[in-house]
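Chemist:
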Amino acid sequence: MFVNLQLGSTKKVYAGDRTRDLAVPRSTATPTWLPLRTLKNDNIQVRVERLTNKSGSPSLMDIEAFSSRYREKLDEAEVAGSIPSNIYLEVSSPGVERVIQIPQDLDRFKDCPMYVKYVSNEVADGASSSEHDGVLRLVSFNLETNTCIWGLADVRANRERAGNGRPLSKKQREWRLETPFTSLRLVRLYSEM
């Protein structure tokens, strides 16, 4: 089971075929609801984000505190018999190359380069739509039309196409791609590390 949780929010989470609400008070990192439909020897993976800083990265102390409190709640549920024993808990941050939720996280990470995989509806010579990808930057997005406008990100992967150590050309800097939200297959932060 996988749970994505943001500290200080109520968020829908997707755990296999089940949708659940986790409510986390702003003052603590303790969920008031636990995903209790589990199997023996099941793994619960929780990714915790800290919404009070721009990157959303929790500190090790945040992760440790959340893990301890959550484990206590799981232990209480195991003793009460409401969930099977031997439930494994794994708590972590989403990581450097986290997946971006569309459209919720677009404004938050608009200044970061992103790896974008999308489907193009342009049909050439009778071919059907095709999947493309690249390292892009978000130029703008519109919630009314559910579209994004992307440009090439100024990262090493894109500069290498221009030649050895050369900056992006004017044509590359001005290139734009408009995509509907529905055509985006994967959007995640891009790191040059």
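Just add 823 to wherever you are in the sequence shown, counting from 1, and you've got our numbering. By construction, the Cβ of each residue, glycine as well, lies at the ideal position given by its N, Cα and C atoms.
#1: Grab the span of the alpha helix (DSSP H) containing R892 for me, first residue to last.
#2: Please go through the same chain and pick out, in chain order, the residues whose beta-carbon is closer than 7 Å to the beta-carbon of K940, but skip the five residues on each side of it.
#3: Under a three-way DSSP split, which group does E997 fall into?
#4: Evaluate the contact criterion for the stretch 964-971 versus the stretch 892-904: three or more CB pairs, one atom per stretch, below 8 Å.
#5: Helix or strand or just coil, what does DSSP make of T968?
#6: Could you tell me which residues DSSP puts in a beta bridge with Y941?
#7: How should Y911 be labelled, buried or exposed, when 16 other C-beta atoms within 10 angstroms of its C-beta is the threshold for buried?
#8: Across which residues does DSSP place R989 in a beta bridge pair?
#9: Near N969, what residues of its chain come up, given a Cβ to Cβ distance below 8 Å and the 5 sequence neighbours on each side ignored?
#10: For D885 and K993, what's the separation of their Cα atoms in angstroms?
#11: Is E1001 closer than 8 Å to I972 when the C-beta atoms are compared?
#12: Thinking L991 and M937 are a contact (beta carbons under 8 Å), I'd like their distance in whole angstroms, please.
#13: When you compare the CB positions of V978 and V958, do they come within less than 8 Å of one another, or not?
#14: May I have the straight-line CA-CA distance separating N866 from V914, to the nearest angstrom?
#15: Beta-carbon within less than 8 Å of N981's beta-carbon, same chain only, minus the 5 sequence neighbours each way: which residues are those?
Modeler: For this structure:
#1: Run containing R892: L883 to A903, per the alpha helix (DSSP H) assignment.
#2: Same-chain partners within the cutoff: E954, D956, R1008 and L1009.
#3: Correct three-state label for E997: helix.
#4: Contact fails: fewer than three Cβ-Cβ distances are below 8 Å.
#5: The DSSP-derived three-state label of T968 is coil.
#6: Beta bridge pairing from DSSP links Y941 with H955 and L1007.
#7: So Y911 ends up on the exposed side.
#8: Per DSSP, none; premise fails for R989.
#9: Answer for N969: P926, P1003, F1004 and T1005, listed in chain order.
#10: A straight line joining the alpha-carbon of D885 with that of K993 spans about 44 Å.
#11: Yes, they are a contact pair.
#12: The C-beta distance from L991 to M937 rounds to 16 Å, too long to meet the 8 Å contact threshold.
#13: With respect to V958, V978 sits close: the two C-beta atoms are nearer than 8 Å.
#14: Taking the straight line joining both Cα atoms gives about 11 Å.
#15: Apart from the 5 residues on each side of it in sequence, N981 sits with its Cβ closer than 8 Å to the Cβ of G957, V958, L975, L991 and Q995 in its chain, given in chain order.
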